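**Student:** Numbering (mature numbering (1 follows the signal peptide of the UniProt record, and there is no 0)), first residue to last: -24 to -1, 1 to 107.
1. Just curious, the alpha helix (DSSP H) that residue 67 is in, first and last residue?
2. Measure how close the beta-carbons of residue 92 and residue 73 come, nearest whole angstrom, since I'm counting them as under 8 Å.
3. Using CA atoms only, rank isn't needed, just tell me which of 4, 15 and 6 is closest to residue 66.
4. Figure out for me which residue from 33, 64, 17 and 75 has the closest Cα to the Cα of residue 87.
5. Residue 8: buried (16+ other C-beta within 10 angstroms of its C-beta) or exposed?
6. Hey, is the segment 96 to 106 in contact with the segment 40 to 55, meaning 3+ C-beta pairs nearer than 8 Å?
7. Use the C-beta contact count for residue 64: other C-beta atoms within 10 angstroms, 16 or more gives buried, fewer gives exposed.
8. Where does residue 17 land, buried or exposed, given buried means 16+ other C-beta within 10 angstroms?
9. Residue range of the alpha helix (DSSP H) that residue 18 falls in?
10. Under the rule that 16 or more other beta-carbon atoms within 10 Å means buried, what is residue 58, buried or exposed?
11. Do residue 22 and residue 10 come within 8 Å of each other at the CB atom, strictly closer than that value?
12. Return helix, strand or coil for residue 4, following the three-state DSSP convention.
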């Protein structure tokens, strides 16, 4: 009887971890276009917050998580990874994530902000065209 109960409990645990544990609280829908536009919008908000505020620190932490989740979901999807919007988004996210990881508390330079905004606009246009 104990053996049966332990196997059922193990099976239940595997099912719960398999169904919920892998999502990691991601707010991605699986729809590339919708997820890309939502990520661009949230990153713009994070970039524009005033420096040195607690909201800015929280937004940066959230941005790092969202970037990682976005890459985890779409990097290996060949139907998405070959799109021009994805490659441009990848470039922008690499630049922003690199800054956050290397210079966490330092503000973004105006040059980087301008570059990110330009790339975000290119991504939005490409996504709207279905590319």
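The beta-carbon is built from N, C-alpha and C at its ideal position, and this holds for glycine as well.
These numbers come from a predicted model, not from an experiment.
**Tutor:** The short version:
1. 60 to 78
2. Actually they are not in contact, since the Cβ atoms of residue 92 and residue 73 sit about 11 Å apart, beyond 8 Å.
3. 15
4. 75
5. buried
6. no
7. buried
8. exposed
9. 8 to 24
10. exposed
11. no
12. coil
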